[in-house]
Amino acid sequence: MSLDVRREGEHEFVGRNERGATVRIGRKGAPGSFSPAELLQIAAAGCAAVTAEELITRRTDAPLRVAVTADRREGASELDAVHVLFDVDLSALADDEREKLVAAVDRAVERLCTVSRTLKKGIPVTEEFAGGPEDGSRR
């Protein structure tokens, strides 16, 4: 999978995949773009939505929205927690059906959602520069 981010102007970047999709990236508050921390949160919500979609839509035709928020200490350069909320009206389901659905979604996200699993696990992230003395000076 080929992904890259290219600078388009001061504090303006575009992320691309090999299928032609793009996403505008900028500093927090920049119009028309996501900040990197917002993209991380959107990735968690999107992964949960994609993972749970079929489980939910087989049981209800109610609109499905997945909201996401994060905890961040003032001035911190990391998020302390990400909170994903399934916003879907399940009132048409009996109590036991609702409980089974919630449990099934929890299990599916826990088992299959790559983004949430990775965030919970915590992984190394490396940076390097191409074209260095040995074509890849690593930090």
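Here the sequence shown is numbered in this note's numbering, starting from 615 and rising by one per residue.
We put the CB at the ideal spot given by N, CA and C, even for glycine.
Keep in mind that this is a model prediction, so the values were computed, not measured.
Please go through the same chain and pick out, in chain order, the residues whose beta-carbon is closer than 6 Å to the beta-carbon of residue i, but skip the five residues on each side of it.
{"i": "Leu-726", "result": "Thr-665"}
{"i": "Ala-684", "result": "Gln-655, Leu-693, Val-696"}
Whole-angstrom Cβ separation of residue i and residue j, contact assumed at under 8 Å?
{"i": "Val-716", "j": "Leu-699", "result": "About 12 Å separates the two Cβ atoms, so there is no contact after all."}
{"i": "Val-628", "j": "Arg-638", "result": "6 Å"}
{"i": "Ala-644", "j": "His-625", "result": "6 Å"}
At the level of alpha carbons, what is the spacing between residue i and residue j?
{"i": "Ala-676", "j": "Glu-711", "result": "15 Å"}
{"i": "Asp-701", "j": "Glu-632", "result": "31 Å"}
{"i": "Lys-734", "j": "Arg-721", "result": "15 Å"}
{"i": "Leu-704", "j": "Glu-668", "result": "14 Å"}
{"i": "Gly-745", "j": "Ile-737", "result": "26 Å"}
{"i": "Gly-689", "j": "Ser-649", "result": "16 Å"}
{"i": "Asp-709", "j": "Val-682", "result": "25 Å"}
{"i": "Gly-623", "j": "Met-615", "result": "25 Å"}
{"i": "Leu-653", "j": "Ser-647", "result": "10 Å"}
{"i": "Val-739", "j": "Arg-621", "result": "21 Å"}
{"i": "Leu-707", "j": "Glu-713", "result": "9 Å"}
{"i": "Thr-732", "j": "Ser-691", "result": "19 Å"}
Whose C-alpha, out of the options, is nearest the C-alpha of residue i?
{"i": "Ala-662", "options": "Thr-728, Ser-649, Glu-742", "result": "Thr-728"}
{"i": "Ala-635", "options": "Leu-617, Ala-644, Leu-704, Lys-714", "result": "Leu-617"}
{"i": "Ala-718", "options": "Arg-673, Ser-705, Ser-647, Arg-630", "result": "Arg-673"}
In chain order, what residues of the same chain lie with their CB nearer than 7 Å to the CB of residue i, ignoring the 5 residues before and after it?
{"i": "Ser-730", "result": "Ala-658, Cys-661, Ala-662, Val-723"}
{"i": "Arg-686", "result": "Leu-693, Asp-694"}
Per the DSSP calculation, residue i is bridged to which residue(s)?
{"i": "Ile-639", "result": "Phe-627, Phe-648"}
{"i": "Leu-617", "result": "Asn-631"}
{"i": "Ala-695", "result": "Asp-685"}
{"i": "Leu-680", "result": "Here residue 680 turns out to be Val, not Leu, going by the sequence shown. Per DSSP, Phe-700."}
Beta-carbon within less than 8 Å of residue i's beta-carbon, same chain only, minus the 5 sequence neighbours each way: which residues are those?
{"i": "Thr-671", "result": "Leu-678"}
{"i": "Val-619", "result": "Phe-627, Val-628, Gly-629, Arg-630, Ile-639"}
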